[in-house]
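Just so you know, we're using our numbering here: the sequence shown kicks off at 68 and counts up by one. Where is the CB? At the ideal position from N, CA and C, for every residue including glycine. Have a look at the structure below before the remarks.
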Amino acid sequence: MQTQEFLGQVQAKAHLATLGEAMRATRATLETLAERLGPDEAQHLAAPLPHELQLLLIDASALLPERFSSIEFLLRVCAREGVDLSESTGHARAVIEVLTQALSSGEAIDVLDRLPDDYRGLFPRGGREISRQ
């Protein structure tokens, strides 16, 4: 998947007016996800993505994963994106849905398994769409 295709899907799912807005939502979500996962998992997650999106995950990952709830995750995305919380929550869910589609089911399961259960609500259908093969 190319960057433009990824952003186009985010734009459509989040009902955003421009690809620039889709990029802002994607950056906010991926950078926050990288902070939560840490550098090793962020690099693993970045591998199947286009180079420009890989950099968002790799550059934002800390030395150690930070532990924060899904509520804190959404608040951080909101602050980064600069829109209200209800909007940024919808945007984050759209980015995560497109990200999940870009990953193999095994990679998506790895991400879900590294996050607390309260994050499942951010994934399409609570992560139930991701099949365990």
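Note down, in chain order, each residue of its chain lying with its Cβ closer than 6 Å to the Cβ of residue 117, except the 5 sequence neighbours on either side. If you number the sequence shown from 1, residue 117 lands on position 50. The answer, listed in chain order, is 69, 70.
Report the rounded CA-to-CA distance for residue 134 versus residue 89, giving the unit in angstroms. Taking the first residue of the sequence shown as 1, we reach residue 134 at position 67. Taking the first residue of the sequence shown as 1, we reach residue 89 at position 22. Whole-angstrom Cα-Cα distance: 26 Å.
Compare the beta carbon distance of residue 144 and residue 159 with 7 Å and say whether it is the shorter of the two. Position 77 of the sequence shown holds residue 144. Position 92 of the sequence shown holds residue 159. Yes. Within cutoff.
With residue 185 and residue 128 assumed to form a contact (beta carbons below 8 Å), what rounded beta-carbon distance in angstroms separates them? Here the question's residue 185 lines up with position 118 in the sequence shown. Here the question's residue 128 lines up with position 61 in the sequence shown. With 8 Å as the limit, residue 185 and residue 128 do not qualify as a contact, their Cβ atoms being about 21 Å apart.
What residue ranges within the stretch 133-176 form continuous beta strand (DSSP E) runs of no fewer than 3 residues, ordered along the chain? none
CB residue 124 to CB residue 97, shorter than 7 Å? Within the sequence shown, residue 124 is the residue found at index 57, counting from 1. Within the sequence shown, residue 97 is the residue found at index 30, counting from 1. Yes. Within cutoff.
Note down, in chain order, each residue of its chain lying with its Cβ closer than 7 Å to the Cβ of residue 109, except the 5 sequence neighbours on either side. Translated into positions along the sequence shown, residue 109 becomes position 42. So the list reads 101, 124, 125, 128, once near-sequence residues are dropped.
Beta carbon of residue 156 nearer than 7 Å to that of residue 141: Start at 1 with the first residue of the sequence shown, and residue 156 comes out as number 89. Start at 1 with the first residue of the sequence shown, and residue 141 comes out as number 74. Yes, they are a contact pair.
Would you say residue 181 faces chain B, with C-beta separation under 7 Å as the test? No chain B is present in this structure, which holds just one protein chain.
Just the Cα atoms here: how many angstroms apart are residue 148 and residue 190? Sequence index remark: in the sequence shown, residue 148 carries index 81 (1-based). Sequence index remark: in the sequence shown, residue 190 carries index 123 (1-based). Approximately 19 Å between the Cα atoms of the pair.
Restricting to Cα atoms, I'd like to know which of 174, 173, 161, 170 is closest to residue 188. Here residue 188 corresponds to residue number 121 of the sequence shown, with the count starting at 1. Here the closest residue by C-alpha is 161.
Within its chain, find whatever has a CB closer than 8 Å to the CB of residue 121; leave out the 5 residues flanking it on each side and keep chain order. Here residue 121 refers to the residue found at position 54 when the sequence shown is read from its first residue. Hits under 8 Å: 113, 114.
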